[in-house]
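Quick note: the sequence shown uses this note's numbering, first residue 17, plus one each step.
Working notes, structure below.
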Amino acid sequence: MNFTAIDFETATGYHPCSVGIVTVENGIIIDEYVSLIKPPNNEYNPFTIRVHGIYPKDTINAKSFFQIYPEIEKRLKNRVVVAHNESFDRNVLMKTMLLHGLNYDDLNIATKWECTVKIYKAKGIKPTKLSDCCRKMKIQLNHHEALSDARACAKLYMLR
């Protein structure tokens, strides 16, 4: 069981302010990466701040997406990628890469990722929010913290 789980928290729209990535080899978590990301103009939607608790003051000195991209690339390239509600995280990655002139195809990953929402919905779990799935599967979660969300997603995927 080899894959990489990823979670983005966003400042506005598809502009990330944090990323968490968990790498799994042979069913064991072997690497975890987390970083704050300075969104364009360090702008935030008040709603997203209420969701994840990340403020402009937290990212004023953070690296840009382009600056941390090499860390993301080395963890995702040629991998099976998993996310909870994969279309959201995939779109954040694709749109942010495009904004920075980076080619998504260079990652050599699937057009659609593995999705723990779809997996757990198919198992009859309702609702399928990450917090609900984790409660049902007894997985510790600090919800809307990117690394905790990515780690929980990885564990959910291993338990599928």
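Virtual Cβ for every residue (Gly too), placed ideally from N, Cα, C.
It should be emphasised that the depicted structure is a prediction, and the values quoted were computed from it without experimental measurement.
Using the three-state DSSP reduction, which class does His31 fall into: helix, strand or coil? The residue you call residue 31 lines up with position 15 of the sequence shown. Here His31 sits in strand by DSSP.
Given this structure, state the Cα-to-Cα distance separating Pro86 from Asn42, to the nearest angstrom. What you label residue 86 is simply residue 70 of the sequence shown in a count that begins at 1. What you label residue 42 is simply residue 26 of the sequence shown in a count that begins at 1. When rounded, the distance between both Cα atoms is 24 Å.
Which of the three DSSP states is assigned to Leu52 in this structure? For the purposes of this step, residue 52 is taken as the residue at position 36 of the sequence shown. Three-state DSSP puts Leu52 in a strand.
Per-residue DSSP class, three states only, for Ala78: Along the sequence shown, one-based indexing puts residue 78 at 62. Coil.
Do Met153 and Pro172 count as a contact pair if the criterion is CB distance below 8 Å? Stepping through the sequence shown from its first residue, residue 172 is reached at position 156. Stepping through the sequence shown from its first residue, residue 153 is reached at position 137. The sequence given here has Leu at residue 172, not Pro. Cβ distance < 8 Å, so Leu172 and Met153 count as in contact.
Report yes if the C-beta distance between Glu25 and Val38 is below 8 Å; otherwise report no. Locating residue 25 in the sequence shown gives position 9, counting from the first residue. Locating residue 38 in the sequence shown gives position 22, counting from the first residue. It is not a contact, given that the beta carbons lie outside the stated cut-off.
Check each candidate in Val96, Ser103, Leu118 and Asn94 and name the one with the smallest Cα separation from Phe82. Locating residue 82 in the sequence shown gives position 66, where the first residue counts as 1. Cα-wise, what sits closest to Phe82 is Leu118.
Helix, strand or coil: how does DSSP classify Lys133 here? As a first step, residue 133 is located in the sequence shown; it is residue number 117 there, counting from the start. Note that residue 133 corresponds to Val in the displayed sequence, not to Lys. Helix.
Could you say which of Thr20, Ile141 and Ala168 lies nearest to Lys90 if we only look at CA atoms? As a first step, residue 90 must be located in the sequence shown, where it is residue number 74. Of the candidates Thr20, Ile141 and Ala168, the one whose C-alpha sits nearest the C-alpha of Lys90 is Thr20.
CB contact flag (Pro55, Ala27, <8 Å): For the purposes of this step, residue 55 is taken as the residue at position 39 of the sequence shown. For the purposes of this step, residue 27 is taken as the residue at position 11 of the sequence shown. Yes, the Cβ-Cβ distance between Pro55 and Ala27 is below 8 Å.
Checking 8 Å against the spacing of the C-beta atoms, do Gly29 and Val50 come in under that value? As a working note, residue 29 is residue 13 in the sequence shown. As a working note, residue 50 is residue 34 in the sequence shown. Taking 8 Å as the Cβ cut-off, Gly29 and Val50 do not qualify as a contacting pair.
When burial is assigned at 16 or more other CB atoms within 10 Å of the CB, is Arg176 buried or exposed? Start at 1 with the first residue of the sequence shown, and residue 176 comes out as number 160. By the neighbour-count criterion, in which a residue is buried when 16 or more other Cβ atoms sit within 10 angstroms of its Cβ, Arg176 is exposed.
Alpha-carbon spacing of Met110 relative to Thr64, whole angstroms: Translated into the one-based positions of the sequence shown, residue 110 becomes position 94. Translated into the one-based positions of the sequence shown, residue 64 becomes position 48. Thr64 has its alpha-carbon roughly 20 Å from the corresponding atom of Met110.
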